[in-house]
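Reviewing the structure listed below.
In our numbering, the protein residues as written are 1234 to 1656.
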């Protein structure tokens, strides 16, 4: 136990199968009445050990943070649900537990049930971290639906006069969520309008899903401060959706859309909106590996000068312009001047332009081909809109199916009850 009231077994590579395995490590936790954080990551826990630990966690109402990342390595799929259920069921009884990190655990469709149940019920939840859990679109949809249900329960508790915090942080990256789960995630964000940080990197989301997420979900999150959707597929379609909604995020401080195929025109669409000054607090703009050309860089420089007085860090490596490009040099100079004025540390990655050591040179063929891009973009937008409508329709059908099933069950229950009634 540290002086900061943190109980940790982190990164000790312990194999804790049974109560007798974990008990010798729990003395500091058992004796403390002020523990606020528990860190178990980097060990592997079996179901019996988790059941034993759960009985202890229930007695720790001061807990605020639970870091249970990477705790099921080498465990069979059949072991994870009961182990996870023991832990999360105990956490439901902790009124101050606001942060849960379950990253690097395998929560596919076969093991998601305890997590879904917990997320739909834990009213104190403020910060959720689910990185690299192998969810896939189906389990991802269930997680998102659970968060939407949580929002309803939070609202109901507030109507009853209870103080319930908002969900502020959702980190759900490297989970193969894909476009198929975006209708559910859009619904979840519509329900949690006061979310401040959203990070959903590397999820295989195509432009149709990106557009749906932005327009149907995150658009309404006006208090958003950090958005990171890097390593998904935007293209011009997603770029236009982003340009459409970004003015609504007045408090945005960090925007990450690197490695997302924005393209030169996509970058210009975004830059044109940022230049209008609706996001004056934006500090960090991550745009690496996006096929952005010199014209796009020039427009970003204009946006930084005219509409982004707080901008201090721009990442552009891996795009299609020369290192000595006039726009890039202008950005480097501008950001360096701002660092000096603010007294920022020289060489800090919080300031300046990133190292441009993996740039591609734009070919003449690409310059000549730009005229035909508009027709291709129109075709892409039609195709994307069709896919987006299909995703929404499928989500509506699934919701209607659930309602129908519930009605059928209600009717069956009523029939059974009437059948038992004596006249």
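Ideal Cβ placement from N, Cα and C applies to all residues, glycine included.
Since this is a predicted model, take the numbers as computed values, not measurements.
Query                                                                                                                                                         : Result
Where does residue 1507 sit, in a helix, a strand or coil, going by DSSP?                                                                                     : helix
I need the DSSP call for residue 1460, collapsed to helix, strand or coil.                                                                                    : strand
Using the rule of at least 16 other Cβ atoms within 10 Å of the residue's Cβ for burial, across every protein chain shown, is residue 1347 buried or exposed? : buried
Does the structure place the stretch 1470 to 1477 close enough to the stretch 1439 to 1448 that three or more beta carbon pairs sit under 8 Å?                : yes
DSSP puts residue 1360 in a beta bridge; with which residues?                                                                                                 : 1332, 1402
Residues in the same chain with beta-carbon distance under 7 Å from residue 1481, minus the five sequence neighbours each way, listed in chain order, please. : 1452, 1455
Reducing DSSP to helix, strand and coil, say where residue 1240 ends up.                                                                                      : strand
Should residue 1506 and residue 1465 be called a contact, given that it needs their Cβ atoms to be closer than 9 Å?                                           : no
Would you list the one or two residues that DSSP bridges to residue 1487?                                                                                     : 1459, 1517
Is it true that the CB of residue 1246 sits closer than 9 Å to the CB of residue 1195?                                                                        : Here the chain covers residues 1234 to 1656 and nothing more, so residue 1195 does not appear.
Between which two residues does the alpha helix (DSSP H) holding residue 1339 run?                                                                            : From DSSP, residue 1339 is part of no alpha helix (DSSP H); its letter is neither H nor E.
Any chance the stretch 1559 to 1574 sits against the stretch 1531 to 1548, with 3 or more Cβ pairs inside 8 Å?                                                : yes
Which value, in whole angstroms, describes the spacing of the CA atoms of residue 1591 and residue 1404?                                                      : 28 Å
Nearest to residue 1490 by alpha carbon, out of 1520, 1516, 1483?                                                                                             : 1520
DSSP state of residue 1266, grouped into three classes?                                                                                                       : coil
Quick check on residue 1249: buried or exposed, where buried means 16 or more other Cβ atoms within 10 Å of its Cβ?                                           : buried
Rounded to whole angstroms, what is the Cα-Cα separation between residue 1600 and residue 1429?                                                               : Here residue 1600 scores only 49 on pLDDT, less than 50, and its place in the model should not be relied on; the value that follows carries that caveat. For residue 1600 and residue 1429, the distance between alpha carbons rounds to 39 Å.
Can you say whether residue 1580 is buried or exposed, counting buried as having 16 or more other CB atoms within 10 angstroms of its CB?                     : exposed
Rounding to the nearest angstrom, what Cα-Cα distance links residue 1379 and residue 1556 in this structure?                                                  : 47 Å
Give a yes or no on whether the C-beta atoms belonging to residue 1316 and residue 1278 are separated by under 9 Å.                                           : yes
Would you say residue 1423 and residue 1369 are within 9 Å of each other, going by their C-beta atoms?                                                        : no
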